[in-house]
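Novice: Right, I'll just put the structure down here and ask away after.
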Amino acid sequence: MSNQAKVTSLDALDSLRASLIIFLSKARRSLDDAGDELRRMRLWLQHDMRTRWENEARKCRRALEAAEQELFSAKLSGLRENLNLQQTAVRKAKQALEHAEEKLRNVRAWSRNYEAAADPLAKRLEGLRQFLDLDLPKGIAYIVQMQRTLGDYAEMSPPPEIGAAAVVTIEDEEEDEREKGGETSTHTPNP
């Protein structure tokens with residue numbers, strides 16, 4: 003087993019760091035959009051929709067009052083065909099008023115319940131924002147430090163290996179001595 007790590011490329015760490023930076027940017031934008039949407043929804047419910055249905059209910063009340071006045075006038079005049087038309091107009095005006103008042107009640111209920119429904123979600127978004135603002139930048143900085151450390155490590159010269167190939171044995175030394183000795187002196191074997 004080798005005591006040396008094999009660092010061949012730091013591109014994967016560089017790619018991870020770049021991807022995290024892009025993710026951080028997009029996630030922050032998405033959180034901002036979600037927060038803006040929560041505020042817009044609150045304003046839409048509490049102002050726009052409430053105003054719309056209050057105005058619609060007021061308009062329907064006026065229309066009902068006018069239809070009832072016309073019905074009363076038709077009753078006084080004694081015209082039967084005009085009386086049926088006016089009764090139908092009063093019925094339609096009452097239905098429109100009931101519809102507008104129901105919508106207004108719904109909007110008021112949604113406005114009251116909006117905070118209770120939206121707050122837990124907003125808190126989750128804030129938890130994610132905290133992660134994006136604090137933890138993720140630390141992780142990116144750690145990756146940069148890791149790149150530097152591994153880059154420095156990869157540039158170091160490898161230590162001399164200690165293993166079977168690098169260990170000179172006594173037998174190898176004796177053989178080397180014999181070869182050296184054989185070159186300088188001629189040794190003839192005795193018959």
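The numbers in my numbering rise by one with no breaks, and the one at position 118 of the sequence shown is 120.
We put the beta carbon where it would ideally sit given N, CA and C, even for glycine.
Quantities reported herein were computed from a predicted structural model and do not represent experimental measurements.
1. Rounded to whole angstroms, what is the Cα-Cα separation between Glu-72 and Leu-99?
2. Return helix, strand or coil for Ser-27, following the three-state DSSP convention.
3. Which residue's Cα is closest to the Cα of Gly-61: Asn-115, Asp-154, Glu-103 and Lys-125?
4. From Leu-26 to Leu-134, what does the alpha carbon distance come to, in whole angstroms?
5. Label Arg-19 either buried or exposed according to how many other C-beta atoms from any shown protein chain fall within 10 Å of its C-beta, with 16 as the threshold for buried.
6. Would you grab the beta carbon distance between Leu-66 and Ala-95 for me? Rounded to a whole angstrom, and I think it's under 8 Å.
7. Nearest to Thr-53 by CA position, among Asn-108, Gln-147 and Leu-87, is which residue?
8. Taking buried to mean at least 16 other C-beta atoms within 10 Å of its own C-beta, is Gln-147 buried or exposed?
9. Within 8 Å, do at least three Cβ pairs link the region 31 to 45 to the region 112 to 128?
10. Among Asn-57, Ile-23, Leu-138 and Ser-21, which one has its Cα closest to the Cα of Leu-106?
11. Measuring alpha carbon to alpha carbon, tell me which of Gln-149, Ala-119 and Ile-23 ends up nearest Arg-44.
12. With a threshold of 7 Å on Cβ separation, who are the neighbours of Glu-70 within its own chain once the five nearest residues in sequence on each side are excluded?
13. Measuring only the C-alpha atoms, how far is Leu-136 from Ala-143?
14. Please report the distance separating the alpha-carbon of Ala-14 from that of Lys-140.
15. So what's Ser-11 in DSSP terms, helix, strand or just coil?
16. If we require 4 or more residues per run, which alpha helix (DSSP H) segments fall completely within the region 20 to 102?
17. For Trp-46, count the other beta carbons within 10 Å of its own beta carbon; 16 or more makes it buried, fewer makes it exposed. Which is it?
Specialist: Taking the structure as given:
1. 17 Å
2. helix
3. The sequence given here has Lys at residue 61, not Gly. The shortest Cα separation from Lys-61 among Asn-115, Asp-154, Glu-103 and Lys-125 belongs to Glu-103.
4. 6 Å
5. buried
6. 4 Å
7. Asn-108
8. exposed
9. yes
10. Asn-57
11. Ala-119
12. Val-92
13. 11 Å
14. 18 Å
15. coil
16. 52 to 79
17. exposed
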